[in-house]
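Read the structure below first, then the notes.
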Amino acid sequence: MASYYVNKNQQSNGDHEVHTTGCSWLPQAVNRIYLGDFAGCANAVVEAKKHYSQVNGCYYCSEACHTG
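So for the sequence shown, our numbering puts the first residue at -14; every next one is plus one.
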């Protein structure tokens, strides 16, 4: 299980990225929303879509959910 967060700030393409604790690209606490603890990124992405319509997994910590 890992703790997942979504970045409140969108990327230049409009994505809000999902990150895990310990990721080098995890945004500062004021710029992220805690999603919960999940066994994988897929459920974290589903949770993040409750906050933002355009969500993507981080290439570095949630690569299985990164769509490019």
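All residues carry an ideal CB built from backbone N, CA and C; glycine is no exception.
Residue of the options minimising C-alpha distance to residue i
i	options	result
GLU32	ILE18, PRO12, TYR44	ILE18
SER9	GLY53, ALA49, CYS43	CYS43
ALA(-13)	CYS46, THR52, GLU2, GLY53	CYS46
GLY7	TYR(-11), GLY53, CYS26	TYR(-11)
GLY25	GLN(-5), HIS51, ASP0, SER38	HIS51
VAL(-9)	GLN13, LEU20, GLY53, GLY(-1)	LEU20
Cβ-Cβ distance between residue i and residue j below 8 Å
i	j	result
ASN16	LYS(-7)	yes
Burial state of residue i, where buried means 16 or more other Cβ atoms lie within 10 Å
i	result
ASN41	buried
HIS4	buried
GLU48	exposed
HIS36	exposed
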